[in-house]
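Student:
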Amino acid sequence: MTLDLPLAWALVIGFALTMYVILDGFDLGVGMLLLTVGNEVDRDIMVRSIAPVWDGNETWLVLVGAGLLGGFPSAYGIALPAFYLPLIVMLLSLALRGTAFEFRFQTRRRRWIWDAAFSAGSLGAALCQGLIVGALLTGVRVRDSSFAGSALDCLRPFGLLTALTVASAYMVLGATWLMIRTTGTLAEASRARARAAGLSVIFAVLAVVGSAPRLAPQVMAKAAIWNPVSATLFVASVVGICGLLQNSLRRASDRIPFAWAMILVLLVEVAFVSTVWPFIIPYELDFWHAASAERSQMVLLVGAVAILPFVLAYSAYSYFVFRGKVASEPEEVSADTALPESV
Amino acid sequence: MLDPVLLSRLQFAFTVSFHIVFPTMSIGMAAFLVLVEYLYLKTGDELYERIYKFWSLIFALGFGMGVVSGLVMSFEFGTNFSRFAQAVGPVIGPIIGLEVMSAFFLEAGFLGIMLFGWGRVGRKLHFAATCLVSIGTTISASFIMAANSWMQTPAGVTFDGRTFHVVDWRAAFLNPSFPYRAAHMLLAAWITGAFLVAGVSAWYLRQGRHLDFARRCYSLALGVASIALPLQLYLGDVLALDVMAPHQIAKIEAMEGFWNTTPNAPWNVLILPDQKAQRNRFALAVPYLGSILVGKNLHTPIPGLSETPRDRQPIMWIVFYSFRLMFLLGTLMFCAAIYSIWLRWRHRLYMSQRFQHLIMWLTPSGFVCVLGGWFTAETGRQPYTVYGLLRTVDSVSPVVGSTVLTSLTLFVLVYGSLLVAFLTLVYRALVRGPVERPLRASPSGTVRRAFVHEHEEEALV
Numbered sequence: 001m002t003l004d005l006p007l008a009w010a011l012v013i014g015f016a017l018t019m020y021v022i023l024d025g026f027d028l029g030v031g032m033l034l035l036t037v038g039n040e041v042d043r044d045i046m047v048r049s050i051a052p053v054w055d056g057n058e059t060w061l062v063l064v065g066a067g068l069l070g071g072f073p074s075a076y077g078i079a080l081p082a083f084y085l086p087l088i089v090m091l092l093s094l095a096l097r098g099t100a101f102e103f104r105f106q107t108r109r110r111r112w113i114w115d116a117a118f119s120a121g122s123l124g125a126a127l128c129q130g131l132i133v134g135a136l137l138t139g140v141r142v143r144d145s146s147f148a149g150s151a152l153d154c155l156r157p158f159g160l161l162t163a164l165t166v167a168s169a170y171m172v173l174g175a176t177w178l179m180i181r182t183t184g185t186l187a188e189a190s191r192a193r194a195r196a197a198g199l200s201v202i203f204a205v206l207a208v209v210g211s212a213p214r215l216a217p218q219v220m221a222k223a224a225i226w227n228p229v230s231a232t233l234f235v236a237s238v239v240g241i242c243g244l245l246q247n248s249l250r251r252a253s254d255r256i257p258f259a260w261a262m263i264l265v266l267l268v269e270v271a272f273v274s275t276v277w278p279f280i281i282p283y284e285l286d287f288w289h290a291a292s293a294e295r296s297q298m299v300l301l302v303g304a305v306a307i308l309p310f311v312l313a314y315s316a317y318s319y320f321v322f323r324g325k326v327a328s329e330p331e332e333v334s335a336d337t338a339l340p341e342s343v
Numbered sequence: 344m345l346d347p348v349l350l351s352r353l354q355f356a357f358t359v360s361f362h363i364v365f366p367t368m369s370i371g372m373a374a375f376l377v378l379v380e381y382l383y384l385k386t387g388d389e390l391y392e393r394i395y396k397f398w399s400l401i402f403a404l405g406f407g408m409g410v411v412s413g414l415v416m417s418f419e420f421g422t423n424f425s426r427f428a429q430a431v432g433p434v435i436g437p438i439i440g441l442e443v444m445s446a447f448f449l450e451a452g453f454l455g456i457m458l459f460g461w462g463r464v465g466r467k468l469h470f471a472a473t474c475l476v477s478i479g480t481t482i483s484a485s486f487i488m489a490a491n492s493w494m495q496t497p498a499g500v501t502f503d504g505r506t507f508h509v510v511d512w513r514a515a516f517l518n519p520s521f522p523y524r525a526a527h528m529l530l531a532a533w534i535t536g537a538f539l540v541a542g543v544s545a546w547y548l549r550q551g552r553h554l555d556f557a558r559r560c561y562s563l564a565l566g567v568a569s570i571a572l573p574l575q576l577y578l579g580d581v582l583a584l585d586v587m588a589p590h591q592i593a594k595i596e597a598m599e600g601f602w603n604t605t606p607n608a609p610w611n612v613l614i615l616p617d618q619k620a621q622r623n624r625f626a627l628a629v630p631y632l633g634s635i636l637v638g639k640n641l642h643t644p645i646p647g648l649s650e651t652p653r654d655r656q657p658i659m660w661i662v663f664y665s666f667r668l669m670f671l672l673g674t675l676m677f678c679a680a681i682y683s684i685w686l687r688w689r690h691r692l693y694m695s696q697r698f699q700h701l702i703m704w705l706t707p708s709g710f711v712c713v714l715g716g717w718f719t720a721e722t723g724r725q726p727y728t729v730y731g732l733l734r735t736v737d738s739v740s741p742v743v744g745s746t747v748l749t750s751l752t753l754f755v756l757v758y759g760s761l762l763v764a765f766l767t768l769v770y771r772a773l774v775r776g777p778v779e780r781p782l783r784a785s786p787s788g789t790v791r792r793a794f795v796h797e798h799e800e801e802a803l804v
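Line by line, the protein sequences are chains A and B. Counting in the numbering used here, the first sequence runs from 1 upward without gaps. Counting in the numbering used here, the second sequence runs from 344 upward without gaps.
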């Protein structure tokens, strides 16, 4: 039996994408929820619950990008110009989010500006990622291995619905994450927000599936897996998982809801991937034809097999070090927290 | 008409210039923090803990900027240079992929512990985290230099006119210019960090604030600079004349500012090149110095840019002035580093006011040199992205000019605001200075000898 290299590397990229969606998903969710909390102490707790880990979480996205460039360069070269505008706005949003993290702790009087940038950046990044998902589902125009559409192709009503889905799903992750890491009123407020965001996911998924025949006829025509039965099954599972999530939110446990949130996000991701499968550029280029030379994919695969287990181990260790409920005041007074009142 | 090629190049130049400043700072500061924490563990002197905590705050601000602007770079190859990405993906993609897996995750995984882990993990483990972050920044720089050097001196591949195929990974990765350029960049980062620390310390010394803190930092940083700068000058000379000249003579020709091959060559200081007429309208030069610097004697001819066919020439003025900027400022930094050795020898390091003044003004000099060096390297590689094989005009994405203008405007606005905020916050952190009181009681009251502090106690008198 020979190793199907393109498939193996596609699985690694899929794994990185899943890690990104779950890990940065809750970061972005916390960011979006930041402005819904008025209390400054609570906001600090929210940010500190993700401060030590966000950078590693975002790195999975860099791996997706680099993995596509190295493993599927022709797809990378088609997809990135095709999604030019949402990608650039996403990158700038993530830039705002990432710098707001550091900057907000350096000021007291203007902290609200950075909190606003943090929230706007998180929301912008989530919406742009959703727009790209929608644009992938509706397909990319390709001629001579190059993108042949216009930059505005990816801004369609259908994309707004997928954007809503992604943003809501991230908010569910963020709110349930906060339930694990916080106590008191903030934890209770997060519980309420998780409920609302869960309902929003059901609404958004229904809207995406219901409007697909009109707004995204390409899906009906070209996606092999798409038929009334599979669509009904998908919607039913989403509703079912959301029901289990709501049920767990009514109970006392503060960890189980995050598990349901992860399952919910995984379900949506699997549905998306199986809809476009085996295309990497829907519905023009499958990933076998987009594959880089064997030597290049082999280097990447050997690197991934050798290095990623260590990455997972020390990332888990980092989560372990920063486990538990976030205290309302930092445990240690250091230069960054000992700000004078006037700053 | 809006030219998408020019706009994409401007956008890439803007975003990459913005980006490079921060990793340079991160690499230099991380190495400095490793040194400081090592000294702290060895001596137990709480002053080192204060130095660590203060500079790690500045480091964190810069690191964040580097992460977010670096994320942009990894996608910009595709958004704006998709045909380049499709052609070189099989070569550069795996290099960047390995960089992400081996370096980015390492930095990100241990940065949290480094910044927020005091008290949560033991001192030795904390030191290990600092080392791993520093190693991560170094690995990352090495991979990026391998990829970029491959674009300068491509090797180990075949090109079918559309895609590069790797035939020899070893040759591609260890391409001819890689070891020299990687070393040049790493040294530049350490020097940049050293001058940043020394400059800020000089500022405190002149203000008479945080004296113990400032003296220790000043001495450490100038010590690093005194070792690194002579090496860097030597390495730069080897890199330009022995490594790049055989592969990219056009870059050297443009750097020196001659159109025709000139024996007994002067050293051009100011020129007004006319690329169309292939001549300088004006030149101000130091006699014979060009030949001395290039050939180490009075007569060595310096090749002129007209030797290179016009369609393979870079734009002379930008290569020339970028190089002059790096070279002249680098030479000034070298002189300052050497003079600091003299002052140290004479036990006057903390007393010379004029030298402190100079060092204070040289605070950003490392960053300026790095930008000058990168402009020399990258604009000197034009009109190619992969030197001699893939032209820049054949590298861009099928994106229209107005779209690129939109994104360029967004980048300028967002990056501009972030830079203003960054500089404001760093400046205010520097004004606040390190925490004055000891963070905890010092386990030992004596200042032990460490690194280059032999004369400190005497100099304090």
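Heads up, the beta-carbon is just placed ideally off N, CA and C, and yes, glycines get one too. Given the structure is predicted, the values throughout are model-derived calculations rather than measurements.
1) Tell me which same chain residues have a C-beta within less than 8 Å of the C-beta of B/L782, skipping the five on either side of it?
2) Expressed to the nearest angstrom, what Euclidean distance is found between the alpha-carbon atoms of A/W177 and A/A259?
3) Residues of chain B with a CB under 9 Å from the CB of A/Y314: which are they?
4) Starting from B/A583, trace the alpha helix (DSSP H) in both directions and tell me its first and last residue.
5) Quick test of the definition: if touching needs 3 or more C-beta pairs under 8 Å, does the segment 695 to 705 of chain B touch the segment 543 to 560 of chain B?
6) Could you spell out where the beta strand (DSSP E) holding B/F670 opens and where it closes?
7) Grab me the residues of A/V64's own chain with a C-beta within less than 8 Å of its C-beta, minus the 5 sequence neighbours each way, in chain order.
8) In chain A, which residues lie less than 8 Å from B/M444 when you measure between Cβ atoms?
9) Just how far apart, CA to CA, sit A/E432 and B/S425?
10) Express the C-alpha separation of B/L345 and A/L85 in angstroms, rounding to a whole number.
11) DSSP three-state call for B/H553: helix, strand or coil?
12) So with CB distances below 7 Å, who are the chain B contacts of A/S74?
13) Taking 6 Å as the limit between beta carbons, can you name the residues of its chain near A/I132, skipping five residues before and five after?
14) Ends of the alpha helix (DSSP H) at B/I645?
15) Measuring CB to CB, does B/A608 end up less than 7 Å from B/G633?
16) Please report the residue range of the alpha helix (DSSP H) in which B/P497 lies.
17) In chain B, what lies closer than 9 Å to A/F322 by C-beta?
18) Would you kindly work out how many angstroms separate the C-alpha atoms of A/A75 and A/A293, rounded to a whole number?
19) Tell me the rounded alpha-carbon separation between B/M457 and B/L376.
20) Nearest by alpha-carbon distance to B/N640: which of B/M669, B/R655, B/P606 is it?
21) Identify whether A/A327 lies in helix, strand or coil by the three-state DSSP scheme.
22) May I have the straight-line CA-CA distance separating B/I684 from B/A583, to the nearest angstrom?
23) Would you please state the rounded distance, in angstroms, between the beta carbons of A/M171 and A/M262? I believe it to be under 8 Å.
24) A/F147 touches chain B at which residues, Cβ-Cβ below 9 Å?
25) Compare the C-beta of B/T422 with all C-beta atoms of chain A and state if any pair is closer than 7 Å.
26) In the structure shown, what three-state DSSP assignment does A/F83 receive?
27) Comparing the C-beta of B/R783 with each C-beta of chain A, is any distance below 7 Å?
28) Assuming A/F72 contacts A/I280 (C-beta within less than 8 Å), just tell me the rounded distance between them.
29) Tell me which same chain residues have a C-beta within less than 8 Å of the C-beta of B/R505, skipping the five on either side of it?
30) For my contact list, A/E102 and B/L404 are in at a C-beta cut-off of 8 Å; report their separation, rounded to the angstrom.
31) Between the Cα of B/H642 and the Cα atoms of B/Y631, B/M528, B/F448, which residue gives the shortest distance?
32) Alpha carbon to alpha carbon, how far is A/A100 from A/D144? Give it in angstroms, no decimals.
33) To which residues of the same chain is B/R559 closer than 7 Å at the C-beta, ignoring the five residues directly before and after it?
34) Work out the CA separation of A/L34 and A/V166 for me, nearest whole Å.
35) Please confirm if B/G440 has its CB atom under 7 Å from at least one CB of chain A.
36) Could you name the residues of chain A that B/H508 contacts, counting a contact when the two beta carbons are closer than 7 Å?
Tutor: Working from what's here:
1) Locating residue 782 of chain B in the second sequence gives position 439, counting from the first residue. In this prediction, B/L782 scores a pLDDT of 48, lower than 50, which makes its location untrustworthy; no coordinate-derived value is stated.
2) As a working note, residue 177 of chain A is residue 177 in the first sequence. As a working note, residue 259 of chain A is residue 259 in the first sequence. Straight-line Cα distance between these residues: approximately 9 Å.
3) Here residue 314 of chain A is taken as the residue at index 314 of the first sequence, counted from 1. For A/Y314, the chain B residues whose C-beta falls within less than 9 Å of its own C-beta are F448, L449, G452, F453, L475, listed in chain order.
4) Reading the second sequence from its first residue, position 240 is the one you call residue 583 of chain B. Per DSSP, B/A583 belongs to no alpha helix (DSSP H) and is neither H nor E.
5) yes
6) Counting from 1 along the second sequence, the entry for residue 670 of chain B is found at position 327. Counting along the chain, B/F670 falls outside any beta strand (DSSP E), though it belongs to the alpha helix (DSSP H) covering 659 to 688.
7) Position 64 of the first sequence, counted from the first residue, corresponds to residue 64 of chain A. Counting only Cβ-Cβ distances below 8 Å, and skipping sequence neighbours, we find I13, A16, L17, Y20.
8) Walking along the second sequence from the start, residue 444 of chain B turns up at place 101. In chain order: L63, G303, A304, I307, L308, V311.
9) The structure shown does not extend to residue 432 of chain A, since chain A spans only 1 to 343, so no value can be given for it.
10) Translated into positions along the first sequence, residue 85 of chain A becomes position 85. Translated into positions along the second sequence, residue 345 of chain B becomes position 2. Cα-Cα distance, rounded: 17 Å.
11) The residue labelled residue 553 of chain B in the question sits at position 210 within the second sequence. Secondary structure at B/H553: coil, using DSSP grouped into helix, strand and coil.
12) As a position in the first sequence, residue 74 of chain A is number 74, starting the count at 1. By Cβ distance, chain B contributes Q429.
13) Within the first sequence, residue 132 of chain A is the residue found at index 132, counting from 1. The answer, listed in chain order, is F83, P86.
14) Residue numbering aside, residue 645 of chain B sits at position 302 when the second sequence is read from its first letter. Unbroken run through B/I645: none, as it is neither H nor E.
15) Here residue 608 of chain B is taken as the residue at index 265 of the second sequence, counted from 1. Here residue 633 of chain B is taken as the residue at index 290 of the second sequence, counted from 1. Contact flag set, yes.
16) Residue mapping note: residue 497 of chain B aligns to position 154 of the second sequence, counting from 1. That residue, B/P497, is in no alpha helix (DSSP H); it is neither H nor E in DSSP.
17) Indexing the first sequence from 1 puts residue 322 of chain A at position 322. The contacting residues are G455, I456, F459, G460, R463.
18) As a working mapping, residue 75 of chain A is identified with position 75 in the first sequence. As a working mapping, residue 293 of chain A is identified with position 293 in the first sequence. If I take the Cα positions, the gap works out to 13 Å.
19) Mapped onto the second sequence, residue 457 of chain B falls at position 114. Mapped onto the second sequence, residue 376 of chain B falls at position 33. Roughly 10 Å separates the two Cα atoms.
20) Indexing the second sequence from 1 puts residue 640 of chain B at position 297. Here the closest residue by C-alpha is B/P606.
21) Along the first sequence, one-based indexing puts residue 327 of chain A at 327. Reduced to three states, the DSSP call for A/A327 is coil.
22) Residue mapping note: residue 684 of chain B aligns to position 341 of the second sequence, counting from 1. Residue mapping note: residue 583 of chain B aligns to position 240 of the second sequence, counting from 1. If I take the Cα positions, the gap works out to 27 Å.
23) The residue given as residue 171 of chain A occupies position 171 in the first sequence. The residue given as residue 262 of chain A occupies position 262 in the first sequence. With 8 Å as the limit, A/M171 and A/M262 do not qualify as a contact, their Cβ atoms being about 14 Å apart.
24) Along the first sequence, one-based indexing puts residue 147 of chain A at 147. Simply S425, S740, P741, V742.
25) By one-based count along the second sequence, residue 422 of chain B stands at place 79. Closer than 7 Å: yes.
26) Within the first sequence, the letter at position 83 stands for residue 83 of chain A. Here A/F83 sits in coil by DSSP.
27) Locating residue 783 of chain B in the second sequence gives position 440, counting from the first residue. Note that B/R783 scores a pLDDT of 46, beneath 50, so its modelled location is shaky; the value from the coordinates is reported in the next line. With 7 Å as the cut-off, B/R783 does not count as an interface residue toward chain A.
28) Within the first sequence, the letter at position 72 stands for residue 72 of chain A. Within the first sequence, the letter at position 280 stands for residue 280 of chain A. That belief holds up - the Cβ atoms of A/F72 and A/I280 are roughly 6 Å apart, short of 8 Å.
29) The count along the second sequence starts at 1 and reaches residue 505 of chain B at position 162. Same-chain partners within the cutoff: Q429, A430.
30) Taking the first sequence and counting its residues from 1, one reaches residue 102 of chain A at position 102. Taking the second sequence and counting its residues from 1, one reaches residue 404 of chain B at position 61. That belief holds up - the Cβ atoms of A/E102 and B/L404 are roughly 5 Å apart, short of 8 Å.
31) As a first step, residue 642 of chain B is located in the second sequence; it is residue number 299 there, counting from the start. Considering only alpha carbons, the answer is B/Y631.
32) Position 144 of the first sequence, counted from the first residue, corresponds to residue 144 of chain A. Position 100 of the first sequence, counted from the first residue, corresponds to residue 100 of chain A. Approximately 42 Å, taken between the alpha carbons.
33) Within the second sequence, residue 559 of chain B is the residue found at index 216, counting from 1. These residues qualify, in order along the chain: L390, I394.
34) Locating residue 166 of chain A in the first sequence gives position 166, counting from the first residue. Locating residue 34 of chain A in the first sequence gives position 34, counting from the first residue. For A/V166 and A/L34, the distance between alpha carbons rounds to 17 Å.
35) Mapped onto the second sequence, residue 440 of chain B falls at position 97. At least one chain A Cβ lies under 7 Å of B/G440.
36) In the second sequence, the residue the question calls residue 508 of chain B occupies position 165. Here the neighbours are A293.
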